[in-house]
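S.K.: The sequence shown begins at 1 in this note's numbering and counts up by one. All residues carry an ideal CB built from backbone N, CA and C; glycine is no exception. As the structure is a prediction and not an experimental result, all values here were calculated from the model. One structure is given below, represented as structure tokens, and several questions about it will come after.
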Amino acid sequence: MNRIIIDTDPGVDDALAIAFALSSPLDVIGVSTVFGNSSVADSTQNALTIVDLLEKNTPVYAGARRPMNGKSKRASSHGKNGLGGLELKTNRTQQQAGAQKFIVEQLRSANEPIDIVAIGPATNIALILKNYPDVVAKIGQVVVMAGVIDAAGNITDKAEFNAYNDPLALQIVLSAPIRTVLIPADVCRKVVFTTDVFNRIRNEGMRDAMLKLTAAYITYYQQNDDFETFEGGVMYDLLAVAYILNPTLFTTINSEVRVNLDGGPDYGMTTLGDSKAGSLVARDVDASRVKGLFLATLNGTI
Ligand code: RIB
Ligand code: CA
Numbered sequence: 001m002n003r004i005i006i007d008t009d010p011g012v013d014d015a016l017a018i019a020f021a022l023s024s025p026l027d028v029i030g031v032s033t034v035f036g037n038s039s040v041a042d043s044t045q046n047a048l049t050i051v052d053l054l055e056k057n058t059p060v061y062a063g064a065r066r067p068m069n070g071k072s073k074r075a076s077s078h079g080k081n082g083l084g085g086l087e088l089k090t091n092r093t094q095q096q097a098g099a100q101k102f103i104v105e106q107l108r109s110a111n112e113p114i115d116i117v118a119i120g121p122a123t124n125i126a127l128i129l130k131n132y133p134d135v136v137a138k139i140g141q142v143v144v145m146a147g148v149i150d151a152a153g154n155i156t157d158k159a160e161f162n163a164y165n166d167p168l169a170l171q172i173v174l175s176a177p178i179r180t181v182l183i184p185a186d187v188c189r190k191v192v193f194t195t196d197v198f199n200r201i202r203n204e205g206m207r208d209a210m211l212k213l214t215a216a217y218i219t220y221y222q223q224n225d226d227f228e229t230f231e232g233g234v235m236y237d238l239l240a241v242a243y244i245l246n247p248t249l250f251t252t253i254n255s256e257v258r259v260n261l262d263g264g265p266d267y268g269m270t271t272l273g274d275s276k277a278g279s280l281v282a283r284d285v286d287a288s289r290v291k292g293l294f295l296a297t298l299n300g301t302i
């Protein structure tokens, strides 16, 4: 099964994505963190908490604390600590090496390609592509949750959160000579998670943690006027892991993806270009099969 690195800004949906990947047959060789839903320090602490919750020894490495250039903007849907209402203590500590050093060393020493699941601002990955071009050949694919196509943004009315928080980085990743798969927010919105889903997690401790993690986030979606009325929450990042586990759950097209860098009201907006060269872009998803795969994986019945 694929060897992967998860680059993340936990984040409620990031936490679910990490739990999903760690419960699956994927070989998660490490987690790198980035600013985004919270500071990179909190992202790192939250990643350590989730790895500990899953009782894994996956190493966690801290990455970029700010975008390559431009501004960053926090979301309010992840609660004050970034993990909703989940308050867990952990004695786990981050690795001394930084995220870039970890990822570059893993890629350089790899005998087979490594996939990267990028579910926060793409800063770490873009800096590696820019500063260490020799490792490009060792990347299997980068599956990126970012952007929104022909639909409203979620951090501004035009831009999706990860794209907005480092559009230059996203542009560098999506235009790099590697296989990139973009899972945009409009597709993620087709998969709405209600508490009923988390109530079906068999392990009592995990079920309790996932319910605590997601309760306030789901309420935010149900109450927030900026989104269509959802009966649950959109767990964006989890779809990037679902793609790696089973790409057939998604309908994709080949397309160039343009990222607006102009600093105006369209800053961070993502649109499909004219060329078919660029990325695989998800345009549809089998929502019930994604939810079924998530539950089967967490329940160990996959
Ligand atoms: O727009 C959704 C993305 O922004 C997800 O990665 C979520 O965790 C937030 O970071
Ligand atoms: Ca995220």
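1) Based on DSSP bridge pairs, tell me the residues matched to R3.
2) Specify, as a first and last residue, the run of the beta strand (DSSP E) that I50 falls within.
3) Looking at S32 and D7, is the spacing between their C-beta atoms short of 7 angstroms?
4) With a threshold of 6 angstroms, establish whether the CB of D14 neighbours any heavy atom of ligand 2.
5) Going by CA-CA distance only, name the one from I244, A282, G264 and K291 that's closest to P25.
6) Cα separation between I114 and R179?
7) In the DSSP assignment, find the beta strand (DSSP E) that holds L288 and state where it starts and stops.
8) Mark A41 as exposed unless 16 or more other C-beta atoms lie within 10 angstroms of its C-beta, in which case mark it buried.
9) Once DSSP output is grouped into helix, strand and coil, what is the label at N304?
10) Taking the straight line between their C-alpha atoms, what separation do you get for D134 and V144?
11) Within 10 angstroms of the Cβ of A304, are there 16 or more other Cβ atoms? Answer buried if so, exposed if not.
12) DSSP three-state label for Y132, please.
13) Whole beta strand (DSSP E) runs in the region 139-193 with 3 or more residues, listed along the chain?
14) Just checking my contact of I50 with V28 at CB under 8 angstroms: how many whole Å lie between their CB atoms?
15) With distances taken between CB atoms, is the gap from L48 to R92 smaller than 7 angstroms?
M.R.: Quick look at the numbers:
1) Position 3 of the sequence shown, counted from the start, is the residue given in the question as residue 3. DSSP output for R3 lists D27 as bridge partner(s).
2) Within the sequence shown, the letter at position 50 stands for residue 50. No beta strand (DSSP E) holds I50; the alpha helix (DSSP H) holding it covers V40 to L53.
3) The residue given as residue 7 occupies position 7 in the sequence shown. The residue given as residue 32 occupies position 32 in the sequence shown. It is a contact, given that the beta carbons lie within the stated cut-off.
4) Taking the sequence shown and counting its residues from 1, one reaches residue 14 at position 14. The answer is yes for D14.
5) The count along the sequence shown starts at 1 and reaches residue 25 at position 25. Checking every option, the nearest Cα to that of P25 belongs to I244.
6) Here residue 114 corresponds to residue number 114 of the sequence shown, with the count starting at 1. Here residue 179 corresponds to residue number 179 of the sequence shown, with the count starting at 1. If you take the alpha carbons of I114 and R179, they lie about 12 angstroms apart.
7) Taking the sequence shown and counting its residues from 1, the one referred to as residue 288 is at position 288. One detail in the question is off: residue 288 reads as Ser in this sequence, not Leu. Annotation for S288: no beta strand (DSSP E) segment contains it, though the alpha helix (DSSP H) segment containing it runs A287 to L298.
8) Here residue 41 refers to the residue found at position 41 of the sequence shown. Answer is exposed; the Cβ neighbour count stays below 16.
9) The structure shown has nothing for residue 304, since the chain only spans 1 to 302.
10) To locate residue 134, count along the sequence shown from 1; it is residue 134. To locate residue 144, count along the sequence shown from 1; it is residue 144. So the alpha carbons of these two residues sit roughly 21 angstroms apart.
11) The requested residue 304 does not occur in the structure, where the chain is confined to residues 1 to 302.
12) Numbered from its first residue, the sequence shown carries residue 132 at position 132. If DSSP states are grouped into helix, strand and coil, Y132 belongs with coil.
13) 139-145 and 180-183
14) Indexing the sequence shown from 1 puts residue 50 at position 50. Indexing the sequence shown from 1 puts residue 28 at position 28. In fact, because the Cβ distance is near 11 angstroms, the residues do not count as touching under 8 angstroms.
15) Counting from one through the sequence shown, the residue named residue 48 turns up at place 48. Counting from one through the sequence shown, the residue named residue 92 turns up at place 92. Cβ atoms of L48 and R92: closer than 7 angstroms.
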